[in-house]
Structure formats: C-alpha cells, structure tokens
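As structure tokens, the structure follows; a few thoughts come after it.
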Amino acid sequence: MTVCVVGHSSPDTDSVTSAIAYAALLNAQGTDAKACMQCDADGLNPESKLVLDRFGLAAPEAIADAGGKQLALVDFSDIAQGPANLGDGEVVAIVDHHKIGDVTTNNPILFRAEPVGCTGT
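The sequence shown lines up with residues 16 to 136 when you count with this note's numbering.
Here you go:
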C-alpha cells in the first residue's frame, strides 16, 4: 500500500514541502509513498505556490479522507488538523516540530519531533 505523506489542514510552505521531501525520502528507502495535502492546488497560499513554481515541483495530491489509507503525518500530530476519518487510516510515521499531539496508534511507529524552526529542517 502506498504511504500518503500529508501535512496539516492549513497547508503552509513547511507542511507542503515537508510532505514532498519525506515522500521522496521514503521512496529512496524503498517504501512506496506519495506527497499529499488537504486542499487542491488552488487552495495553496501564494508563498507555497511561489516555492513550488520556483523549483519546478508539482503540488501534492489532494486528500480529503484518510479512511483505509496508510499515512505519514508531517508538521502536525493533532487529530483536529488531520484529514477526515484519520482514525480509520493507519498512521505509520509522524515527523513534526510542534508539541506532541493527540494522535494515537495501534502499533509502534517512527515518531520524530524536534524543537527546530520547521519540520523541513
């Protein structure tokens, strides 16, 4: 199953680029992954659009429902910031720089949260 790497519900540049970067890392390590975000490309803020355009990157795929998906969360770990039905998906990793949120899992996962300026650090 493809891991959907998704950032929080108000995708800013850190959330979007962290999803792209972590999906690329997972793919390089042999895990099938794709970058996703919780809006379509038209919903991106101007800064994020500029960064994607400047570096020739496509906007991540829009995802509205997490049910039945494997997910890696980037730039958040609070249920309220996730896609609908987050509890019906399988969170396999969290990479963040905020406080530890309320997402729980049934299995051990990779969890990395460091006190740095952004997830993409």
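Glycine included, C-beta positions come from ideal geometry on N, C-alpha and C. Values in this document were obtained by computation on a predicted structure and should not be read as measured data.
In the DSSP assignment, ALA56 falls outside any beta strand (DSSP E), carrying neither H nor E. Counting other Cβ atoms within 10 Å of its Cβ, PRO61 stays below 16 and is therefore classed as exposed. The Cβ atoms of ALA48 and THR17 sit closer than 9 Å to each other.
Counting the other Cβ atoms within 10 Å of the Cβ of ASP90 gives 16 or more, which makes it buried. Beta-carbon to beta-carbon, LEU72 and ILE35 are separated by about 6 Å, close enough to satisfy the 8 Å threshold. Fewer than three pairs of CB atoms, one per stretch, sit closer than 8 Å, so the region 67-83 makes no contact with the region 115-135.
Comparing C-alpha distances from ALA56 to each of VAL131, SER25 and LEU88 shows the shortest one belongs to SER25. Distances from the CA of LEU88 to each of LEU67, ASP68, LEU125 and ALA74 were compared; the closest alpha carbon is that of LEU125. In the DSSP secondary-structure assignment, LEU86 is bridged to CYS19 and VAL106.
DSSP places ALA50 in the strand class (E or B) of the three-state scheme.
Looking at the backbone, the Cα of GLN85 and that of VAL106 are separated by about 6 Å. For LEU41, there is no enclosing beta strand (DSSP E); the enclosing alpha helix (DSSP H) covers residues 28-43.
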